[in-house]
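Just so you know, we're using the numbering used here here: the sequence shown kicks off at 16 and counts up by one.
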Amino acid sequence: MTTTVLRTADELPARARAGRRAVVMTMGALHEGHATLIRTARELAGREGEVVVTVFVNPLQFGAGEDLDRYPRTLDADVKLAEQSGADVVFAPWVDEVYPGGEPQVRITAGPMGERLEGAARPGHFDGMLTVVAKLLHLTRPDLALYGQKDAQQLALIRRMVRDLNFGVEIVAVPTVREADGLALSSRNRYLSAEERRTALALSKALFAGRDRHAAQEALRARAREVPATRARAEALSAIGESRAAADAHAMAKAAPGGPAAVRAAARLVLDEALRMKPPLELDYLALVDPSDFTDIPDDFTGEAVLAVAARVGTTRLIDNIPLTFGAAS
16 MTTTVLRTAD ELPARARAGR RAVVMTMGAL HEGHATLIRT ARELAGREGE
66 VVVTVFVNPL QFGAGEDLDR YPRTLDADVK LAEQSGADVV FAPWVDEVYP
116 GGEPQVRITA GPMGERLEGA ARPGHFDGML TVVAKLLHLT RPDLALYGQK
166 DAQQLALIRR MVRDLNFGVE IVAVPTVREA DGLALSSRNR YLSAEERRTA
216 LALSKALFAG RDRHAAQEAL RARAREVPAT RARAEALSAI GESRAAADAH
266 AMAKAAPGGP AAVRAAARLV LDEALRMKPP LELDYLALVD PSDFTDIPDD
316 FTGEAVLAVA ARVGTTRLID NIPLTFGAAS
């Protein structure tokens, strides 16, 4: 299969297609994370469908002093990877094709969710992101659009925009792809020196530490539910040496229902160690949030949550996150 490269908005509507169109939006510098998105799009669109990969470095989502000018532009390599992954079309418009009158006067506003975490660190970023996503959804007119979970807040805002503004498109989330050492794949990883990369691994290690603490607590809570705290049962357990385990499980379940504070503490311990590395990690935030609005979750929270981190290593800013599920209190 040969992938077609299109540069103008008029070329996409002219393409005949029998099945569903799936779009994967990128800023180029494609890597295995993007390849996973494209392969998933191919599976969902089917043989009769069409997969469109957009490649556009959106100036609206870069703030003052950010890396717009040095952001990698590798279109030839991007087309090759897209083709190998199953894309039918690479839509790579020029800036004046997307914004023919210059920067748009009317834009999508991300609202309160867009002012938290990444939005607080990068004012205006999410307004620019949502504006270009809205434009590209109109230009490509897909049936479904795929986004990586690594950009969890971006994904949440796109879902909210699609729901609130009645976009007729299905949003599909694809799990984060990681390198062998755990670092989340990102186009910005290429900026890291060997020493900086060692420090950057603290992001994923912190998330994994929080995940492991969460898993241990959930296991204790499950154990507590299985072992009724009755005197008769405790006496029976004592006969086989399990009373202490039962007591510990109940104590943990009572003291830390869900354990968000302990999850944060486990992750923070790893990050604190990285602050003393050479070069040091410069932490922007560590947060455990409700993915519906990206507000911090309370200690009695149940349901889906996101443990998210952002930091700088040298001149490179990196983000990462993992999803967690907090079970119902017993």
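The C-beta atom is built at its ideal place from N, Cα and C for all residues, glycine as well.
For Met40, the enclosing beta strand (DSSP E) stretches over residues 36-41. When C-beta atoms of the segment 54-63 are compared with those of the segment 177-184, fewer than three pairs fall below 8 Å, so the two segments do not count as touching.
Residue environment: Met16 is assigned as exposed (fewer than 16 neighbouring CB atoms within 10 Å of its CB, all protein chains considered). A straight line joining the alpha-carbon of Thr330 with that of Leu198 spans about 17 Å. Nearest Cα to Arg36 within the set Gly43, Ala302, Val67, Leu21: Val67. For Phe341, the enclosing beta strand (DSSP E) begins and ends at 331-341. Per the coordinates, the alpha-carbon of Val192 lies some 18 Å from the alpha-carbon of Tyr206.
Excluding the 5 residues flanking it on each side, Gly139 has same chain C-beta neighbours closer than 7 Å at Gly78, in chain order. Secondary-structure assignment with DSSP links Phe106 through a beta bridge to Leu21, Thr69. Remark: three or more beta-carbon pairs, one from each stretch, lie closer than 8 Å, so the segment 158-165 and the segment 35-49 are flagged as touching.
Per DSSP, Glu319 is not a residue of any alpha helix (DSSP H); the beta strand (DSSP E) it occupies stretches across 318-328. The beta carbon of Arg137 sits closer than 7 Å to those of Gly78, all from its chain and outside the five residues before and after it, given in chain order. In this structure, Val278 is the residue among Pro119, Ala239, Leu216, Val278 with its C-alpha nearest to the C-alpha of Ala230. Take the alpha-carbon of Tyr114 and the one of Val70: they are about 15 Å apart.
Look at Asp305 here: in three-state DSSP terms it is strand. Between Glu81 and the set Asp335, Thr19, Asn336, Arg327, the nearest pair of CA atoms involves Arg327.
Ser201 is classed as buried because its beta carbon has at least 16 other beta carbons within 10 Å across all chains shown. Taking Pro294 as the centre and dropping the five residues before and after it, the same chain places the C-beta of Glu210, Glu211, Thr214, Val328, Gly329 closer than 7 Å to its C-beta, in chain order. With respect to the 9 Å criterion, Pro306 and Ala102 are not classified as neighbours on the basis of their beta carbons. Pro313 has its alpha-carbon roughly 17 Å from the corresponding atom of Ala282. A distance below 7 Å between beta-carbons, with the five flanking residues on each side excluded, links Arg122 to the following residues of its chain, in chain order: Asp142, Thr146. Around the beta-carbon of Gly64, 16 or more other beta-carbon atoms lie within 10 Å, marking it buried.
Inside the segment 162-204, DSSP marks whole alpha helix (DSSP H) runs of 4 or more residues at positions 167-179, from first to last along the chain.
With distances taken between CA atoms, Pro157 lies nearest to Ala33 out of Glu112, Ala33, Leu90. Counting only the Cα atoms, Asp25 lies some 46 Å from Lys220.
Collapsing the DSSP output to three states places Tyr300 in a strand. Note on the segment 67-155: whole beta strand (DSSP E) runs with a minimum of 3 residues are 104-106, in chain order.
A straight-line Cα-Cα distance of about 21 Å links Ala29 and Val110.
By the criterion of a C-beta distance shorter than 6 Å, Gly318 is surrounded by no residue of its chain, once the five residues flanking it on both sides are discounted.
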